[in-house]
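S.K.: If you're matching them up, the sequences are chains B and P in order. Converting from the first sequence to my numbering requires adding 2 to each position, the first position being numbered 1. Converting from the second sequence to my numbering requires adding 2 to each position, the first position being numbered 1.
Protein chains: 2
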Amino acid sequence: MAEPDGTQAERDFLAQYDPRAFDPIAVTVDVVALTLRAGRLHVLAVERGGQPFAGRWALPGGFVRAGRESLDEAAARELAEETGLDAAALDRVHLEQLGSYGSPHRDPRMHVVSVAYLAFAPGLPDAQPGGDAAGAGWLPVEAISPAGQPDEARPRPFEQGRRTGAYGGGAGRRPGHDGSGGLAFDHGRILADGLERARAKIEYTPLATAFLGESFTITELREVYETVWGAALHAGNFHRKVLSVPGFVESTGETDTRPGSRGGPRARLYRAGDARLLHPALLRPDREAGVR
Amino acid sequence: MAEPDGTQAERDFLAQYDPRAFDPIAVTVDVVALTLRAGRLHVLAVERGGQPFAGRWALPGGFVRAGRESLDEAAARELAEETGLDAAALDRVHLEQLGSYGSPHRDPRMHVVSVAYLAFAPGLPDAQPGGDAAGAGWLPVEAISPAGQPDEARPRPFEQGRRTGAYGGGAGRRPGHDGSGGLAFDHGRILADGLERARAKIEYTPLATAFLGESFTITELREVYETVWGAALHAGNFHRKVLSVPGFVESTGETDTRPGSRGGPRARLYRAGDARLLHPALLRPDREAGVR
DNA sequence: CGAGAAATACTCATACTGAGAACGACATCG
DNA sequence: CGATGTCGTTCTCAGTATGAGTATTTCTCG
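1) CB-CB under 7 Å to B/Glu216, same chain, minus the five flanking residues each way: which ones, in chain order?
2) For P/Leu279 and P/Leu97, what's the separation of their Cα atoms in angstroms?
3) Check whether chain B comes within 7 Å of P/Arg273, counting only Cβ atoms and requiring the distance to be less than that.
4) Does DSSP put P/Phe213 in a helix, a strand or coil?
5) Output yes if chain P places a C-beta closer than 7 Å to the C-beta of B/Ser246; else output no.
6) At a Cβ threshold of 7 Å, is B/His281 touching chain P?
7) Relative to the alpha-carbon of P/Leu81, which residue among P/Gly125, P/Glu49, P/Ala68, P/Ala35 has its alpha-carbon at the smallest distance?
8) Please identify the residue among B/Leu43, B/Ser102, B/Gly265 whose C-alpha is closest to the C-alpha of B/Gly63.
9) Select from P/Arg108, P/Val31, P/Ala123 the residue whose C-alpha is nearest the C-alpha of P/His44.
10) For a contact defined as C-beta to C-beta under 8 Å, what are the partners of B/Glu71 on chain P?
11) For the alpha helix (DSSP H) containing P/Asp93, name the first residue and the last one.
12) Between the C-alpha atoms of B/Arg286 and B/Leu209, what's the straight-line distance to the nearest angstrom?
13) Count the other CB atoms within 10 Å of the CB of B/Ser253; is the residue buried (16 or more) or exposed (fewer)?
14) Report yes or no: is there a C-beta of chain B within less than 7 Å of the C-beta of P/His96?
15) With 16 as the cutoff for other CB atoms within 10 Å, does B/Pro282 come out buried or exposed?
16) For B/Thr257, count neighbouring C-beta atoms within 10 Å of its own C-beta (all shown protein chains included) and say buried if the count is 16 or more, exposed if not.
17) Give the residues of chain P in contact with B/Ile146, contact being defined as C-beta atoms less than 9 Å apart.
18) Which residues in chain P sit within 7 Å of B/His113, going by Cβ to Cβ distance?
19) Which word fits B/Gly275, buried or exposed, when buried means at least 16 other C-beta atoms lie within 10 angstroms of its C-beta?
20) According to DSSP, P/Ala47 sits in a beta bridge with which residue or residues?
21) Any idea what DSSP makes of B/Thr257, helix, strand or coil?
22) Please classify P/Ser263 as buried or exposed, where buried requires at least 16 other C-beta atoms within 10 Å of its C-beta.
23) So, are the CB atoms of P/Leu2 and P/Glu225 less than 7 Å apart?
24) Between B/Val66 and B/Ala76, is the Cβ-Cβ spacing less than 7 Å?
25) Hey, would you say P/Ala114 sits closer than 7 Å to P/Ala28, going by beta carbons?
26) Relative to the C-alpha of B/Phe55, which candidate in B/Val244, B/Asp109, B/Leu38 has its C-alpha closest?
27) For B/Arg199 versus B/Trp231, is the C-beta distance shorter than 7 Å?
28) Which residue from P/Thr37, P/Ile220, P/Gly249, P/Trp140 puts its Cα closest to that of P/His236?
29) Helix, strand or coil, according to DSSP, for P/His113 in the structure here?
30) For B/Ser102, go through chain P and note every residue whose CB falls closer than 7 Å to its CB, in chain order.
31) Determine the closest residue to P/Tyr119 out of P/Asp195, P/Ala40, P/Gly255, with distance taken between C-alpha atoms.
32) Relative to the C-alpha of P/Leu197, which candidate in P/Gly86, P/Gly249, P/Leu46 has its C-alpha closest?
33) I need the straight-line Cα distance from B/Glu144 to B/Ala269, nearest angstrom please.
34) Would you say B/Ala186 and B/Arg39 are within 7 Å of each other, going by their C-beta atoms?
35) With a Cβ-Cβ cutoff of 7 Å, do P/Leu61 and P/His189 count as a contact?
36) Grouping DSSP H, G and I as helix and E and B as strand, with all else coil, what is P/Gly64?
Written as structure tokens, this is what we have:
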């Protein structure tokens with residue numbers, strides 16, 4: 003970048019655009035962090051301590067530290083604070099910018115522009131309250147977002163062994179159940195946008211693997227797609243497709259040691275390949291052609 | 003939305019996050035407005051009047067009016083100011099959010115978060131300086147953005163009749179030719195992101211028609227794709243494809259009256275259909291599978 | 001009028017997709 | 001232990017989409 007002509011520029015600028023007088027807009031980052039727990043899609047949420055929306059769930063987020071961090075850094079910091087993950091664990095989390103929300107009255111206190119981020123995380127431990135939040139936890143998305151699940155019904159019965167306790171972490175109370183069922187501010191909208199982005203993104207990128215551990219079976223990968231898309235997929239065709247797309251997954255040469263829950267052979271294990279884009283893409287079933 | 007408990011909240015908030023002391027971040031919108039002129043992709047740019055980057059080209063943009071407009075409204079306003087279009091003409095312009103840019107020092111004066119928008123416009127009249135810009139004009143993207151054109155070479159000779167004067171509008175000077183060839187601030191990066199988004203977006207949406215007038219020929223539509231993608235397409239296959247995707251275009255029943263430049267029959271005319279998404283999509287040639 | 005160019009249509013080989021079936025490994029139940 | 005059912009994996013087959021090339025007709029230009 004070129005060097006500015008500091009003094010002169012600064013004088014002009016500040017005279018015309020004094021932040022206090024003309025531009026009292028706050029900038030925050032909010033994170034839609036998604037993970038899979040017990041075969042259901044969950045989103046990280048915090049319980050608001052103060053007004054407005056006290057006691058309601060909200061997306062984790064906070065103010066960008068002016069002059070000291072980029073938006074990406076702010077999002078990573080907020081995510082780390084709320085999940086309690088260290089840098090190494092965060093490395094395995096995919097984090098991308100989702101979009102910005104800046105209606106003048108989305109926050110009743112002042113004009114706040116929020117830059118939303120979307121995160122895909124493998125199964126994570128219970129969240130922990132960070133910052134000024136009263137509690138934090140993973141919420142099943144279909145419990146909050148009207149657009150949480152696509153039009154379809156639930157994918158299939160799907161009962162995995164482990165605990166089904168959905169509200170992990172901090173508080174034992176269950177805020178957000180005030181009838182609206184929604185998140186604070188416009189976070190319901192942000193979540194819906196994040197979910198749509200996630201559904202679209204796993205079509206043409208290998209990011210579905212970001213929901214899984216180091217190694218996984220094709221069936222586990224298929225369950226990620228089924229859960230995120232909310233639709234059942236043909237197991238045989240999915241298998242063929244995944245193995246035929248170059249760089250999607252690579253074999254570890256090993257076989258799953260865990261016994262299948264209801265019989266069947268031990269599945270082979272794979273790890274994420276080196277592709278950044280899937281070609282050809284895995285398209286969602288239906289999509290009802292054009293018009294929608 | 004629920005009603006805030008104003009007073010208490012406001013006290014807490016302001017105590018902790020006084021805009022002046024803790025959060026002097028300015029919020030702007032910048033617009034990557036693309037159009038086709040003489041078979042080449044052009045971007046709307048303004049010549050900077052003051053420091054920093056005085057005399058350099060930059061994307062049109064400006065501060066969001068706190069408490070008075072949303073980000074979308076601010077972007078539409080900036081675009082209207084710079085192009086001089088009225089509301090009716092703007093209606094035919096596609097405008098969508100591109101992403102936000104917030105590195106602490108992207109503007110040397112202070113921390114500025116810029117929300118970038120992407121606009122697709124049909125051939126427009128010369129731009130007019132609006133606001134504090136010294137000049138405004140449509141610049142051929144390959145003249146500025148290193149990533150302006152995809153890896154490929156120029157699509158094909160392509161010489162259309164009219165004036166090739168690229169720098170329309172305001173000033174007769176040609177700023178930006180200081181050796182770097184780039185735009186001010188990080189606008190080169192924003193432009194590159196906008197171009198990539200545009201290339202991707204015309205794959206699965208009918209937005210290529212937004213670069214054309216009310217009615218157009220299949221060949222004109224193909225030229226949009228060729229220009230944006232920077233690659234020649236097979237005319238016959240393109241024709242078959244466009245007509246086979248439901249809702250992409252619909253026939254007007256009429257035939258082009260203008261004589262072809264170098265012979266050939268009069269082409270049939272079409273208008274944009276009602277599809278929002280193309281299915282199946284029109285994929286860019288090659289894309290070199292996975293890894294990239 | 002003849003050459004060349006362009007709009008559109010057609011052909012053919014190949015690739016990808018959805019649906020279904022086959023087969024063998026494994027668990028659980030009786 | 002054997003019957004029964006589940007599940008991972010592979011195959012087959014038909015329908016559809018794609019890339020490349022060619023044919024036909026209608027123009028303009030010289």
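Note that CB positions come from ideal geometry on N, CA and C, so glycine has one too. Note that the structure is predicted; figures quoted are calculated from it, not measured.
M.R.: Considering the structure as presented:
1) Contacts found: Arg273.
2) Straight-line spacing of the CA atoms in P/Leu279 and P/Leu97 works out to 16 Å.
3) With its beta carbon at least 7 Å from every one in chain B, P/Arg273 lies outside the interface.
4) Residue state, collapsed to three classes: helix.
5) The beta-carbon of B/Ser246 is placed no less than 7 Å from the nearest beta-carbon of chain P.
6) So yes, B/His281 belongs to the interface.
7) If we check each option's Cα against that of P/Leu81, P/Ala35 comes out closest.
8) Comparing Cα-Cα distances from B/Gly63 to each of B/Leu43, B/Ser102, B/Gly265, the minimum goes to B/Ser102.
9) The shortest Cα separation from P/His44 among P/Arg108, P/Val31, P/Ala123 belongs to P/Ala123.
10) Against B/Glu71, the close residues of chain P are Pro106, in the order they occur along the chain (beta-carbon pairs closer than 8 Å).
11) Run containing P/Asp93: 89-93, per the alpha helix (DSSP H) assignment.
12) The straight-line gap from Cα to Cα measures roughly 15 Å.
13) Around the beta carbon of B/Ser253, a 10 Å sphere encloses fewer than 16 other beta carbons of the protein chains shown; the residue is thus reported as exposed.
14) No, its Cβ sits nowhere closer than 7 Å to a Cβ of chain B.
15) Counting Cβ neighbours within 10 Å, B/Pro282 comes out exposed, since fewer than 16 surround it.
16) Flag for B/Thr257 reads exposed.
17) Neighbours of B/Ile146 in chain P, taken as residues at a C-beta separation under 9 Å, are lacking, since the least C-beta distance is about 15 Å.
18) Listed by position along chain P, the residues whose Cβ is nearer than 7 Å to that of B/His113 are Ala68, Gly69.
19) Looking at its Cβ environment, which holds 16 or more other Cβ atoms inside 10 Å, B/Gly275 is buried.
20) Beta-bridge pairing links P/Ala47 to P/Gly139.
21) In the three-state scheme derived from DSSP, where H, G and I count as helix and E and B as strand, B/Thr257 is classed as strand.
22) Counting Cβ neighbours within 10 Å, P/Ser263 comes out exposed, since fewer than 16 surround it.
23) The requested residue 2 of chain P does not occur in the structure, where chain P is confined to residues 3 to 294.
24) A contact, by the Cβ cut-off of 7 Å.
25) The residue asked about is misnamed: residue 114 of chain P is Val in this sequence, not Ala. The answer is yes: Cβ separation under 7 Å.
26) Per the C-alpha coordinates, the member of B/Val244, B/Asp109, B/Leu38 positioned closest to B/Phe55 is B/Asp109.
27) Contact check for B/Arg199 against B/Trp231 fails: the beta carbons are separated by 7 Å or more.
28) For P/His236, the closest of P/Thr37, P/Ile220, P/Gly249, P/Trp140 by C-alpha to C-alpha distance is P/Ile220.
29) In the structure shown, P/His113 sits in coil (DSSP, three-state: anything other than H, G, I, E or B).
30) Taking a Cβ-Cβ threshold of 7 Å, the residues of chain P close to B/Ser102 are Leu73, Gln99, Ser102, Val117, in chain order.
31) Measuring from the Cα of P/Tyr119, the nearest candidate turns out to be P/Asp195.
32) Considering only P/Gly86, P/Gly249, P/Leu46, the residue with the shortest C-alpha distance to P/Leu197 is P/Leu46.
33) Inter-residue distance for B/Glu144 and B/Ala269 is about 30 Å (C-alpha atoms, whole angstroms).
34) Contact check for B/Ala186 against B/Arg39 fails: the beta carbons are separated by 7 Å or more.
35) At the C-beta level, P/Leu61 and P/His189 come within 7 Å of one another.
36) Three-state result, P/Gly64: strand.
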